[in-house]
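Written below as structure tokens is the structure these notes are about.
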Amino acid sequence: MTPLGILETVDLRTVWPHEAIDFTRWLAEPKNIQELCNELEIEIDEIKVEEATGRYNADIVGLETKTQKKIIIENQLESTDHKHLGQIITYAAGLDASIIIWIAKDYNDEHKAAIDWLNRNILADIKFFLIQVELWKIGDSLPAPKFNIISQPNDWAKTINSAALSEKGSVSELKLQQQQFWYAFKEYAKGDSSTILRLGRTPRPQHWYSISFGTSKADLSLTFNSKQKQVGCELYIKDDSSIYQRILQHKTDVEQELGTDLEWMDLPDSTAFRIVKYKIGDPTNENKWPEYFQWLKENAEKFQRVFKPFFNG
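For the record, in the sequence shown the residue sitting at position 22 is 22 according to full-length UniProt numbering, with numbers rising by one throughout.
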């Protein structure tokens, strides 16, 4: 029988002795805040640390990628208290925030009840989250952070699942099949314990599934195209031509790794860039799904290995 390790909790202060200097700055790093984004199923851009609001400073301020609504994050490496509850409301008002995230080591029931009350009684456009942060390890492994959602808006699951359909009305049979495809792909990929893919996002009824790339500057996206009868794997670079140009300078090396059938797209009416690879096949044919899953997983892992170093410089 294979021996199993035992999960152990790690004191947060052994890794982050100082809340502002250590934890807040750590969380503001794109690859780290992406872990929080995966849990909440949001995307945060334009991250700023210690943003002033009157006489006070909010720990982290950013913008929700799709809506450009303001997000504030208040960190507390202790149990929740009345002071920080007051601070998040003060910061929300001073910065006109729409998404307010309170991260704490632990929480009191009355503070959870307060966040629940705010979500029930404040305008629907304003969302409050209470998140517990933990560190875990197995044996001598490195500590790993875990974000637990303690309180969130009652309609949050409905909100994120309907986001892709806001312009399309009710869910069609095709959209439902696409969602089933992504759920099945996610289970297939997670069946390989050695996969490097970060599959934290919930599949939605849409023609693409985004995989965290560990940076706010890019996404790894898989696509389901029933009209052109193909599936695809693409790197989507947001608003950073310097990274795209850096990759383009190594085009020959990249194509040696990924194949010469890549499509390089410098979108003329956008500041975004795409590098795409396709496989011909009808994704609505469920009998072929295992074949498509294997291709998508293998190419997504190759994209991750080949392109990730360009974002580390």
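Ideal Cβ placement from N, Cα and C applies to all residues, glycine included. None of these values were measured; they are calculated from a predicted model.
Just curious, the alpha helix (DSSP H) that residue i is in, first and last residue?
{"i": "residue 304", "result": "289–307"}
{"i": "residue 182", "result": "173–190"}
{"i": "residue 123", "result": "It is not in any alpha helix (DSSP H) - residue 123 carries neither H nor E in the DSSP assignment."}
{"i": "residue 16", "result": "Neither: residue 16 is in no alpha helix (DSSP H) and is coded neither H nor E."}
What residue does the beta strand (DSSP E) around residue i start on, and which one ends it?
{"i": "residue 21", "result": "Looking at the DSSP string, residue 21 is not in any beta strand (DSSP E), and its letter there is neither H nor E."}
Mind checking whether residue i and residue j have CB atoms under 9 Å apart?
{"i": "residue 95", "j": "residue 58", "result": "yes"}
{"i": "residue 188", "j": "residue 203", "result": "no"}
{"i": "residue 149", "j": "residue 39", "result": "yes"}
{"i": "residue 88", "j": "residue 128", "result": "yes"}
{"i": "residue 219", "j": "residue 235", "result": "yes"}
{"i": "residue 257", "j": "residue 302", "result": "yes"}
{"i": "residue 41", "j": "residue 147", "result": "no"}
{"i": "residue 51", "j": "residue 99", "result": "no"}
Roughly how many angstroms separate the alpha carbons of residue i and residue j, rounded to a whole number?
{"i": "residue 142", "j": "residue 8", "result": "11 Å"}
{"i": "residue 15", "j": "residue 232", "result": "40 Å"}
{"i": "residue 165", "j": "residue 173", "result": "Any reading at residue 165 must be qualified, since the residue scores a pLDDT of 48, below 50, and its modelled position is unreliable; the value itself is stated next. Taking the straight line from one Cα to the other gives about 13 Å."}
{"i": "residue 114", "j": "residue 122", "result": "12 Å"}
{"i": "residue 214", "j": "residue 37", "result": "10 Å"}
{"i": "residue 312", "j": "residue 120", "result": "42 Å"}
{"i": "residue 169", "j": "residue 178", "result": "Low per-residue confidence applies at residue 169: pLDDT is 48, beneath 50, and the placement is therefore not dependable, though the value from the model is reported in the following sentence. Spanning the two alpha carbons is a distance of roughly 16 Å."}
{"i": "residue 299", "j": "residue 293", "result": "10 Å"}
{"i": "residue 290", "j": "residue 181", "result": "10 Å"}
{"i": "residue 6", "j": "residue 244", "result": "43 Å"}
Based on DSSP bridge pairs, tell me the residues matched to residue i.
{"i": "residue 49", "result": "60"}
{"i": "residue 79", "result": "106"}
{"i": "residue 198", "result": "212"}
{"i": "residue 223", "result": "208, 232"}
Sort the options by Cα distance to residue i and report the nearest one.
{"i": "residue 62", "options": "55, 56, 71", "result": "71"}
{"i": "residue 44", "options": "25, 20, 235, 69", "result": "69"}
{"i": "residue 74", "options": "83, 64, 60, 119", "result": "60"}
{"i": "residue 304", "options": "290, 254, 265, 272", "result": "254"}
{"i": "residue 194", "options": "108, 297, 280, 92", "result": "297"}
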